[in-house]
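In short: position in the sequence shown from 1, add 598, done, that's my numbering. By construction, the Cβ of each residue, glycine as well, lies at the ideal position given by its N, Cα and C atoms. Accompanying notes for the structure given below.
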Amino acid sequence: MRTTLSLLGVGVATVLLLVSAAMNWRYGFNLGKTELDGHIYGAASAAADGLKALLPFFILWAIGLRNFIHAIAGIMLWVVCSSYSLTSAVGFAALNREDTTSIRAVHAVNYSDLREELNRSREKLSWVPQHRSIEEVDADLAVIMAQPIRGRRKGGRRRILGTVGQLTDDCTKSGFRAQRLCSEVLNLRKELAVARQADKLETRIAEIKTQIGSLSRKEQGFARSSADPQALMLAKITGFEPAQVQLGLIILVAILVELGSGLGLFVAFSHLRDGGQRQTEIIEPNFSLNVSNPVRRLMLPKSDIQKYYSDRTEKHDGTSVTATALYEDYCIWCELNSKEPIALPIFGRQFSELGIQKAKIGGRIRYIGIRLLASKRIATTKDSDGLAAA
């Protein structure tokens, strides 16, 4: 179960690392003046993000080997890489959030303008007086313009001088005979202007309704809501300004991605490497039974450290082994037994739990009272060679 969860954590941390690298590459690419410059910036940003995830392992190994100069250098490099990655992530998150809120704001403005124009057009249409259609008014105008005008009677008969339209140039010239008819034409032309204005308003109202209907449901939802509803709701809950809440959300996203990508693999692998390596404890019953034979102690299987201690070392007074030599011999034992060695700090802690005395002599950590069986075999071989030579 522990291994499964550790592997799952490694997978999730890897996803965060890829996301962080992609964010840094995208932000670095936008910094380039040309496409080549953008690729250079992007590659450098992604490489810095990968190095940020590997540095905690290098720092731990340097501390385990007591190489503090390399550990300090690794810490400084990790701080620089993490700072750059954090600023890149903040910039990427800020740009994306600004683009999203801008799109929402544009949709909201467009939708609001259309609604306001629709209301204005409807209000203007309501002010238009009662009128007939354009076709009906044009027909009445044509009838009046076509009416004939007759002259004075001569020989018992009045001759036709022409139509109203011909004699008055469509009622633009005054004439006594067509005065009454032209006054009717003037009223009809007023009604025609009203009808045309109403027709334009109705056409515009239909166009606006079509534009509003062409907006998708998502765009209409953007238009009816605020530009950043999340920030607005959190501002109402916390009492901060929406701009402050937006800044906090941007920083939160950046910190989430950077911490997850920078330390996620380190934490997951530490549990994966340390799993199953803890020292087994002897289980003893806390009660006694009145029997003739003593109760045998129940013991769990030996751990890898205990197996290594019994296979490769022995107690010997007056001798000592350095921690580095002991760990190197442990790695050889793991290779021979197809096992994966644990880290040096974990090895040292678990080996000390076996009760071996540890002391610092000459600036180096030594384990007192034991010696490696490999060194014993080497010494025995040398003695045999010396006797044979004698």
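Look up Glu696 in the DSSP assignment and say whether it is helix, strand or coil.
Position 98 of the sequence shown holds residue 696. Shown here, Glu696 sits in a helix according to DSSP, grouped into three states.
C-alpha gap between Ser683 and Phe838, whole angstroms:
Within the sequence shown, residue 683 is the residue found at index 85, counting from 1. Within the sequence shown, residue 838 is the residue found at index 240, counting from 1. Each residue's alpha carbon lies about 28 Å from the other.
Do the CB positions of Met621 and Ala687 come within less than 8 Å of each other?
Within the sequence shown, residue 621 is the residue found at index 23, counting from 1. Within the sequence shown, residue 687 is the residue found at index 89, counting from 1. Yes, Cβ-Cβ distance for Met621 and Ala687 is below 8 Å.
Residue interval of the beta strand (DSSP E) (run including Val919):
Your numbering for residue 919 matches position 321 in the sequence shown. Membership of Val919 in the beta strand (DSSP E) is indicated by the continuous run 911-920.
Does the Cβ of Gly763 have 16 or more other Cβ atoms within 10 Å, making it buried, or fewer, making it exposed?
Working through the sequence shown from its first residue, we reach residue 763 at position 165. Buried.
Can you find at least 3 beta carbon pairs, one from the region 631-639 and one from the region 841-852, that sit closer than 8 Å?
no
Which residue comes first and which comes last in the beta strand (DSSP E) that contains Ile963?
On the sequence shown, position 365 is the one that residue 963 refers to. 962-970 is the extent of the beta strand (DSSP E) around Ile963.
Cβ of Glu715 within 8 Å of Cβ of Ile806?
One-based indexing of the sequence shown puts residue 715 at position 117. One-based indexing of the sequence shown puts residue 806 at position 208. Result yes, Cβ atoms of Glu715 and Ile806 sit closer than 8 Å.
Supposed contact pair Leu723 and Ala796 - C-beta distance, whole angstroms, cut 8 Å:
Counting from 1 along the sequence shown, the entry for residue 796 is found at position 198. Counting from 1 along the sequence shown, the entry for residue 723 is found at position 125. The Cβ separation is near 6 Å, so the contact holds.
Extent of the continuous beta strand (DSSP E) to which Ala941 belongs:
Reading the sequence shown from its first residue, position 343 is the one you call residue 941. No beta strand (DSSP E) contains Ala941, which DSSP labels as neither H nor E.
By alpha-carbon positions, which one of Lys937, Pro939, Thr917 ends up nearest to Arg964?
For the purposes of this step, residue 964 is identified with residue 366 of the sequence shown, where counting begins at 1. Closest by alpha carbon: Thr917.
Which partner residues does Gln955 have in the DSSP bridge list?
Sequence index remark: in the sequence shown, residue 955 carries index 357 (1-based). Ile966, per the DSSP bridge assignment.
How would you call Asp1046, buried or exposed, if buried means at least 16 neighbouring beta carbons within 10 angstroms?
With the chain covering only 599 through 988, there is no way to say anything about residue 1046.
From Thr685 to Glu856, what does the alpha carbon distance come to, in whole angstroms?
Walking along the sequence shown from the start, residue 685 turns up at place 87. Walking along the sequence shown from the start, residue 856 turns up at place 258. Between Thr685 and Glu856, the C-alpha separation is close to 10 Å.
Leaving out the 5 sequence neighbours to the left and right, which residues in its chain are closer than 8 Å to Ile968 when beta-carbon positions are compared?
Your numbering for residue 968 matches position 370 in the sequence shown. Excluding residues within five positions, the ones whose Cβ falls inside 8 Å are Thr911, Glu912, Lys913, His914, Thr917, Ser918, Val919, Ile954.
If the criterion is Cβ atoms closer than 8 Å, does the pair Leu658 and Trp676 meet it?
As a first step, residue 658 must be located in the sequence shown, where it is residue number 60. As a first step, residue 676 must be located in the sequence shown, where it is residue number 78. Against a cut-off of 8 Å, the Cβ pair of Trp676 and Leu658 comes out as no contact.
For the alpha helix (DSSP H) containing Arg664, name the first residue and the last one.
Position 66 of the sequence shown, counted from the start, is the residue given in the question as residue 664. Note, Arg664: premise wrong, no alpha helix (DSSP H); not H, not E.
Close Cβ partners of Ile661 (< 6 Å) along its chain, the five nearest in sequence each way excluded
In the sequence shown, the residue the question calls residue 661 occupies position 63. Counting only Cβ-Cβ distances below 6 Å, and skipping sequence neighbours, we find Ala669.
Residue(s) in a DSSP beta bridge with Gly760
Taking the first residue of the sequence shown as 1, we reach residue 760 at position 162. In the DSSP output, where bridge partners are listed per residue, Gly760 has Ile747.
Determine contact between the region 606-616 and the region 624-632, defined as no fewer than three beta-carbon pairs at a distance below 8 Å.
no
Can you round the beta-carbon distance between Leu663 and Leu924 to whole angstroms, since I take them to be within the 8 Å contact cut?
In the sequence shown, counting from the first residue as 1, residue 663 sits at position 65. In the sequence shown, counting from the first residue as 1, residue 924 sits at position 326. Wrong, their Cβ atoms sit about 13 Å apart, outside the cutoff.
Using the three-state DSSP reduction, which class does Asp711 fall into: helix, strand or coil?
For the purposes of this step, residue 711 is taken as the residue at position 113 of the sequence shown. Helix, per DSSP.
So for His705, helix, strand or coil by DSSP?
The sequence position of residue 705 within the sequence shown is 107, counting from 1. The answer is helix: DSSP assigns His705 an H, G or I state.
Can you tell me whether Met599 is helix, strand or coil according to DSSP?
Here residue 599 refers to the residue found at position 1 of the sequence shown. Of the three classes helix, strand and coil, the one that applies to Met599 here is coil, per DSSP.
Pairwise C-alpha distance: Ile835 and Leu790
Indexing the sequence shown from 1 puts residue 790 at position 192. Indexing the sequence shown from 1 puts residue 835 at position 237. Between Leu790 and Ile835, the C-alpha separation is close to 59 Å.
Can you list, in chain order, the residues of its chain whose CB lies under 7 Å from that of Asn891, leaving out five sequence neighbours each side?
Counting from one through the sequence shown, the residue named residue 891 turns up at place 293. Note that Asn891 scores a pLDDT of 49, beneath 50, so its modelled location is shaky; the value from the coordinates is reported in the next line. Here the set comprises nothing.
Just how far apart, CA to CA, sit Ile959 and Val608?
Translated into positions along the sequence shown, residue 959 becomes position 361. Translated into positions along the sequence shown, residue 608 becomes position 10. Roughly 40 Å separates the two Cα atoms.
Does the Cβ of Phe666 have 16 or more other Cβ atoms within 10 Å, making it buried, or fewer, making it exposed?
Along the sequence shown, one-based indexing puts residue 666 at 68. Exposed is the call here.
Which two residues bound the contiguous alpha helix (DSSP H) that contains Asn935?
Within the sequence shown, residue 935 is the residue found at index 337, counting from 1. That residue, Asn935, is in no alpha helix (DSSP H); it is neither H nor E in DSSP.
Whose C-alpha, out of Ile940, Cys769, Arg802, is nearest the C-alpha of Arg713?
Here residue 713 corresponds to residue number 115 of the sequence shown, with the count starting at 1. The option with the nearest alpha carbon to Arg713 is Arg802.
Same chain, Cβ closer than 8 Å to Ser908, five either side skipped, listed in chain order:
Residue 908 sits at position 310 when you count from the first residue of the sequence shown. Lys900.
Going by the beta-carbon positions, is the gap between Cys679 and Leu634 smaller than 8 Å?
Sequence index remark: in the sequence shown, residue 679 carries index 81 (1-based). Sequence index remark: in the sequence shown, residue 634 carries index 36 (1-based). The answer is no: Cβ separation not under 8 Å.
For Pro939, count the other beta carbons within 10 Å of its own beta carbon; 16 or more makes it buried, fewer makes it exposed. Which is it?
The residue given as residue 939 occupies position 341 in the sequence shown. With 16 or more Cβ atoms within 10 Å of its Cβ, Pro939 is classed as buried.
Measure the alpha-carbon distance for Leu971 versus Ala645 and round it to whole angstroms.
Numbered from its first residue, the sequence shown carries residue 971 at position 373. Numbered from its first residue, the sequence shown carries residue 645 at position 47. So the two alpha carbons sit approximately 45 Å from each other.
Host alpha helix (DSSP H) of Gln809 (start-end):
For the purposes of this step, residue 809 is taken as the residue at position 211 of the sequence shown. Per DSSP, Gln809 belongs to the alpha helix (DSSP H) from 777-812.
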